[in-house]
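These notes are about the structure you will find just below.
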Amino acid sequence: MTSKDQTPSKDQTPSNDQTPSKNQTPEESAAEVRAADVALDTAGGTLEPSIVPVSSQSGDTGHHEGSTMRRIVMGNGFVSVLAVIVALFLGGLLIASTDKTVAETAGYFFARPTDFLLALWNAMTKSYVALFQGSVFNPRQGLMPLLETMTVATPLICAGLGVALAFRAGLFNIGAQGQIIISATLAAYVGFTWHLPFGLHLLLVIIMGVLGGAAWGAIVGVLKARTGAHEVIVTIMLNYVALFLLDFLLNTAAFRRPGDNSPISPRLDETAAYPVIIPGSRLHLGFLVAVLLTYGVWWMLNRSTIGFEFRAVGANPVAARTAGVKVPRATILVMAFAGALAAFGGVAQVAGTEKVLTGGIAAQIGFDAITVALLGRSTPWGTFFAGLLFGAFRAGAVQMQIQTGTPIDIVLVVQSLIVLFIAAPPLIRSIFRLEPKKKNKTPKAARKAALANAAGGAK
Amino acid sequence: MGVVKLELKGISKAFGTFYANQDIDLVVEPGQIHCLLGENGAGKSTLMNVLYGLYEPTAGQILVDDKLVNFRGPGDAMAAGIGMVHQHFMLVPVFTVAENVALGAEPTSFGGVLSIDETRKKIRDISQKYGFHVDPDALVEDLPVGVQQRVEIIKALVREAKVLILDEPTAVLTPQETDELLDIMRQLKAGGTSIVFISHKLREVKAVSDVITVIRRGRVVGDAPPTALASELASMMVGRPVSLTLDKATAQPKETTFVVKDLTVRAPNGTNVVDGISFDIAQGEILAVAGVQGNGQTELTEAILGIQPHVTGSVTLDGKQLLGLPVKDVLRSGVGFVPEDRTVDGLVGPFSVAENLVLDLYDQAPFTSGISMKPSKVAENAEAKIQEFDIRTPSAGAAAGTLSGGNQQKVVMARELSRPLRLFIASQPTRGVDVGSIEFLHKRIVAERDVGTPVMIISTELDEVIELADRIAVLYKGKLVGIVPAGTPRDTLGLMMAGVGPEGGSHDE
Numbered sequence: 001m002t003s004k005d006q007t008p009s010k011d012q013t014p015s016n017d018q019t020p021s022k023n024q025t026p027e028e029s030a031a032e033v034r035a036a037d038v039a040l041d042t043a044g045g046t047l048e049p050s051i052v053p054v055s056s057q058s059g060d061t062g063h064h065e066g067s068t069m070r071r072i073v074m075g076n077g078f079v080s081v082l083a084v085i086v087a088l089f090l091g092g093l094l095i096a097s098t099d100k101t102v103a104e105t106a107g108y109f110f111a112r113p114t115d116f117l118l119a120l121w122n123a124m125t126k127s128y129v130a131l132f133q134g135s136v137f138n139p140r141q142g143l144m145p146l147l148e149t150m151t152v153a154t155p156l157i158c159a160g161l162g163v164a165l166a167f168r169a170g171l172f173n174i175g176a177q178g179q180i181i182i183s184a185t186l187a188a189y190v191g192f193t194w195h196l197p198f199g200l201h202l203l204l205v206i207i208m209g210v211l212g213g214a215a216w217g218a219i220v221g222v223l224k225a226r227t228g229a230h231e232v233i234v235t236i237m238l239n240y241v242a243l244f245l246l247d248f249l250l251n252t253a254a255f256r257r258p259g260d261n262s263p264i265s266p267r268l269d270e271t272a273a274y275p276v277i278i279p280g281s282r283l284h285l286g287f288l289v290a291v292l293l294t295y296g297v298w299w300m301l302n303r304s305t306i307g308f309e310f311r312a313v314g315a316n317p318v319a320a321r322t323a324g325v326k327v328p329r330a331t332i333l334v335m336a337f338a339g340a341l342a343a344f345g346g347v348a349q350v351a352g353t354e355k356v357l358t359g360g361i362a363a364q365i366g367f368d369a370i371t372v373a374l375l376g377r378s379t380p381w382g383t384f385f386a387g388l389l390f391g392a393f394r395a396g397a398v399q400m401q402i403q404t405g406t407p408i409d410i411v412l413v414v415q416s417l418i419v420l421f422i423a424a425p426p427l428i429r430s431i432f433r434l435e436p437k438k439k440n441k442t443p444k445a446a447r448k449a450a451l452a453n454a455a456g457g458a459k
Numbered sequence: 460m461g462v463v464k465l466e467l468k469g470i471s472k473a474f475g476t477f478y479a480n481q482d483i484d485l486v487v488e489p490g491q492i493h494c495l496l497g498e499n500g501a502g503k504s505t506l507m508n509v510l511y512g513l514y515e516p517t518a519g520q521i522l523v524d525d526k527l528v529n530f531r532g533p534g535d536a537m538a539a540g541i542g543m544v545h546q547h548f549m550l551v552p553v554f555t556v557a558e559n560v561a562l563g564a565e566p567t568s569f570g571g572v573l574s575i576d577e578t579r580k581k582i583r584d585i586s587q588k589y590g591f592h593v594d595p596d597a598l599v600e601d602l603p604v605g606v607q608q609r610v611e612i613i614k615a616l617v618r619e620a621k622v623l624i625l626d627e628p629t630a631v632l633t634p635q636e637t638d639e640l641l642d643i644m645r646q647l648k649a650g651g652t653s654i655v656f657i658s659h660k661l662r663e664v665k666a667v668s669d670v671i672t673v674i675r676r677g678r679v680v681g682d683a684p685p686t687a688l689a690s691e692l693a694s695m696m697v698g699r700p701v702s703l704t705l706d707k708a709t710a711q712p713k714e715t716t717f718v719v720k721d722l723t724v725r726a727p728n729g730t731n732v733v734d735g736i737s738f739d740i741a742q743g744e745i746l747a748v749a750g751v752q753g754n755g756q757t758e759l760t761e762a763i764l765g766i767q768p769h770v771t772g773s774v775t776l777d778g779k780q781l782l783g784l785p786v787k788d789v790l791r792s793g794v795g796f797v798p799e800d801r802t803v804d805g806l807v808g809p810f811s812v813a814e815n816l817v818l819d820l821y822d823q824a825p826f827t828s829g830i831s832m833k834p835s836k837v838a839e840n841a842e843a844k845i846q847e848f849d850i851r852t853p854s855a856g857a858a859a860g861t862l863s864g865g866n867q868q869k870v871v872m873a874r875e876l877s878r879p880l881r882l883f884i885a886s887q888p889t890r891g892v893d894v895g896s897i898e899f900l901h902k903r904i905v906a907e908r909d910v911g912t913p914v915m916i917i918s919t920e921l922d923e924v925i926e927l928a929d930r931i932a933v934l935y936k937g938k939l940v941g942i943v944p945a946g947t948p949r950d951t952l953g954l955m956m957a958g959v960g961p962e963g964g965s966h967d968e
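Chains as they are written, first to last, in the working numbering: chain A, 1 to 459; chain B, 460 to 968.
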């Protein structure tokens, strides 16, 4: 099968050596791999031809890793609601599994299944009714429990906003815990060592606390922007630094009560505390501050130039840079703002609810804040209501344990399940048989196929 | 090598409610080069993925030699004698040619020991037979793109493919490499291999195919002989008459206001990716920078914009030095910049069209006072631009990432042309854009020239360069091979893109 004579080529094909060799830089080939992915996605024609994303031709939307995070962090709000429902249901099953009547009726399940189901239902509802009575309303106390929920939610909302804001700018702020600790420490110090008139004292407490948290956050931003350090690692480490710094300080004379060796600070002055806004409850001014902050973050993200920059950097840093946004500056700023927001949580703890500084001042708030921000889809108002929900869990759990003997820890289980379901949206979708976004399904199959193909396919 | 007749009957492929392919009939006769012509997103690649077993068709049949087949994966397709070369190569760069060819169907001797020699021999045979000049022991990463492509073809041939699908094979090649590929295709055909050639480039399609099938919006529009006029083919592709030639008055260059001198960009590895480039552009003139992708174009434009670190030399606009300024200040100096890849650096996909239309103007009047943005002004601006540039979007609030390539590019272009400019730089202005939008975008670029702005176009598509340029600069390995007037013959430009200077001297090492 010699073909030379039939070949209609005008000239002898030039030899390879003369073909221009194209040096492929690593970025380039990486881009090509990405492009190949996308080409397969879209070539699949998963979209109307007129709206096939360009990426099919010109490279790629890039940032696969980032987009996964974005999907989890900023996904569908509906999935959030369903995640809560499923988590509550599973939590309920767990509660029921320890219930005596449920165990007894299970013994003769096949004889009278209704007994078992009824017992199951009773066990679940009893605990959740108690949870509701402890967190929203009960006949004895009226709406008092709701006020308690709001109190407990205040630091969660503030810290949650800090995490959410960073998420929106593409940064994973695990450091709310450390930021809370630092701000609480500074705020408390001002609160019990300085003695100033009402108003001025509280203002200084807030300012010092917030500056402390902002600085603690800004350290992360600076390290990330200047040296490329990963914010997750830096924030985790700074959490430890803050925690042990606090432990150390509580063992120094400056922070200890005179004549007392236990690691508890003196009580903050009355002038340094958030005033209670509804007498008879613990609800303090800090809650109103949290409402204002929520509105402020909403305004910043949606109405201000700086929020526009943050969002642009979060969604596509390369395009933001090309459009003239100073990405390093935005990184530092957003971490400072995130730290400041978390710091309001620290101030609320120390000047609102606790009024003394202890080693456990931040409890788990900084970590719960991540869940709150996730559940709130990183939107300010979503975070606000997620914070309230978690506040209700916390406030109601005590009542639940008293009334039904269900351990408080069950709330932690529910919280963890919520995170699990949010992190795995397809799970929720399959449970509720929701139509997956058409976009997501086919490309995955195509990519799998592409992989098989890349490996030769001729197995 | 036997010959195979391939037939697709009534193939449909639906994704949800949307049909990417609908009722497609196609017969690839043995020993023919059958071209699938269509715009991006017309459904060509979907069809080929169906044929190759990557997708299962929603309806329809595939017949090989009049026998019904059912492919469950690429393996089945290969067994039936169908091979595919993807647009983006599926090669392991650090493996040798032989290792890559063996991968997936490794020949083994007794006890599962890899016997690569067998593959090596096959490669030599095939290479000899078709004049591929491929060394089985070369590392793939050291090979030029054109040769890598041949490795892909060899991969298919070693698996005894009798029908070869080439998906947009010329997209990554220089004009010379393209010609070589076309020759190879003719040789393969002469050797009895049928080829399905997917492309949207009319010139190549006309040069090599025996039959052309045009696909539009998932359906076969019709067949055409290779002798059909380019304009006929184009209007079949688009569905309406298209003018392929741009009406463009001769340039009226005025004062030279943009001067680049000895511009050098040093890459992190120490090499100069842009190496001592000097040129200037006059007001009312288009300078097109041609070159194969990856020869320093990206770094050149990014150096002018101020993104690249390690830049030396000088870039002056209206006598003002731009080098060393932050990006924002460069843009404020009146530079309109269309980046080379809108999805990567031109648009923020999740942002709305309206927001993307102010992506680099968001902090300026009238869109902002103080730090407070004015959503109403942003929306007004969006409505105006959507009208002016005919951006097809469901609404100004739709996420830019959901628009088609052409419309995304219009968003970028509208944004960059929406302020008084002293310099306009557009990188790959029409890459991945449908034929209809190309026409529109080219007109806007020429219009910007005609109001007296110096315009710099960077394109790897020689057709586009020839179409737009008043002068043509050719980049090769970061160096300027030369600047030649518009109307320089294609062949000369092609040689320049391979590093041979306009006077015949080589710039290669």
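Idealized CB from N, CA, C, for every residue including glycine.
Since the model is a prediction, treat every value here as computed from it, not as a measurement.
- Not a single C-beta of chain A is nearer than 8 Å to the C-beta of B:Lys581.
- Of the candidates B:Gly651, B:Val606 and B:Pro879, B:Pro879 places its Cα closest to the Cα of B:Gly795.
- Looking only at B:Met695, B:Leu625, B:Leu506 and B:Ile736, the smallest Cα-Cα distance to B:Lys936 is reached by B:Ile736.
- Put simply, the CB of B:Met955 is far from chain A, with every gap to its CB atoms at 8 Å or more.
- In terms of Cα proximity to B:Leu722, the closest of B:Gln767, B:Phe591 and B:Ala693 is B:Gln767.
- By the criterion of a C-beta distance shorter than 6 Å, B:Pro825 is surrounded in its chain by Lys836, once the five residues flanking it on both sides are discounted.
- The Cβ-Cβ distance between B:Ala855 and B:Ala841 falls below 8 Å.
- As summarised for the stretch 897-947 of chain B, the continuous beta strand (DSSP E) elements at least 3 residues long and confined to that stretch are 914-917, 930-935 and 938-944, given in chain order.
- Distances from the alpha-carbon of A:Ile277 to those of A:Glu148, A:Ile85, A:Ile370 and A:Val313 put A:Glu148 closest.
- A direct Cα-to-Cα measurement between A:Ala164 and B:Val871 gives close to 29 Å.
- By the rule that beta-carbons nearer than 8 Å mark a contact, A:Gly382 does not touch chain B.
- With contacts defined by Cβ atoms closer than 8 Å, B:Gln756 and B:Ser886 form a contacting pair.
- Rounded to whole angstroms, the Cβ separation of A:Ile157 and A:Phe308 is 24 Å, and the two are not in contact under 8 Å.
- Distance from the CA atom of A:Ala87 to the CA atom of A:Val414, rounded to whole angstroms, is 5 Å.
- Within chain B, the residues placing a beta-carbon under 8 Å from that of A:Ser304 are Ile830, Ser831 and Met832, ordered along the chain.
- Pairing A:Leu238 with A:Gly359 gives a Cβ-Cβ distance that is not under 8 Å.
- Contact between B:Arg903 and B:Leu876 holds: their C-beta atoms lie close to 6 Å from each other, under 8 Å.
- For A:Ala254, the number of other beta carbons within 10 angstroms of its own is below 16, and it is reported as exposed.
- For the stretch 779-807 of chain B, the residues whose beta carbon sits under 9 Å from a beta carbon of chain A are, in order, Pro785, Val786, Lys787, Asp788, Val789, Leu790, Arg791, Phe796, Pro798, Glu799, Asp800, Arg801, Thr802, Val803, Asp804, Gly805, Leu806 and Val807.
- Around the beta carbon of A:Pro197, fewer than 16 other beta carbons lie within 10 angstroms, which makes this residue exposed.
- Sixteen is the threshold: since fewer than 16 other Cβ atoms of the shown chains lie within 10 Å of the Cβ of B:Asn728, the residue is exposed.
- Put simply, the stretch 212-232 of chain A does not touch the stretch 359-379 of chain A. Fewer than three CB pairs are less than 8 Å apart.
- Rounded to the nearest whole angstrom, the C-alpha separation of A:Phe116 and A:Val84 is 25 Å.
- Within chain A, the residues whose beta carbon sits less than 8 Å from that of B:Thr827 are Thr305, listed in sequence order.
- Cβ neighbours of A:Val205 within its own chain (closer than 6 Å, five residues either side excluded): Ala187, Val190, Gly191, Ala272 and Ala351.
- Going by DSSP, B:Glu847 is part of the alpha helix (DSSP H) stretching over Pro834 to Glu847.
- Between the stretch 464-484 of chain B and the stretch 677-694 of chain B there are three or more inter-stretch CB-CB distances shorter than 8 Å, so the stretches are counted as touching.
- A Cβ-Cβ separation of about 10 Å leaves A:Gln399 out of contact with A:Ile408 under the 8 Å criterion.
- With respect to the C-alpha of B:Ala597, the residue from B:Val556, B:Asp626, B:Thr629 and B:Ser568 having the closest C-alpha is B:Val556.
- In the structure shown, A:Asn138 falls within a strand segment according to DSSP collapsed to helix, strand and coil.
- Proximity of the stretch 708-722 of chain B to the stretch 737-747 of chain B meets the contact definition, three or more beta-carbon pairs being nearer than 8 Å.
- Closest in alpha carbon position to A:Ala153, among A:Ala348, A:Thr379 and A:Arg377, is A:Ala348.
- In this structure, the beta-carbon distance from A:Gly178 to A:Thr235 falls below 8 Å.
- Secondary structure of A:Thr185 (DSSP, three-state): helix.
- Of the residues B:Ile763, B:Ala945, B:Ala536 and B:Asp922, the one whose Cα lies closest to the Cα of B:Val463 is B:Ala536.
- The contact set of B:Asp822 on chain A, defined by CB atoms closer than 7 Å, consists of Thr305 in chain order.
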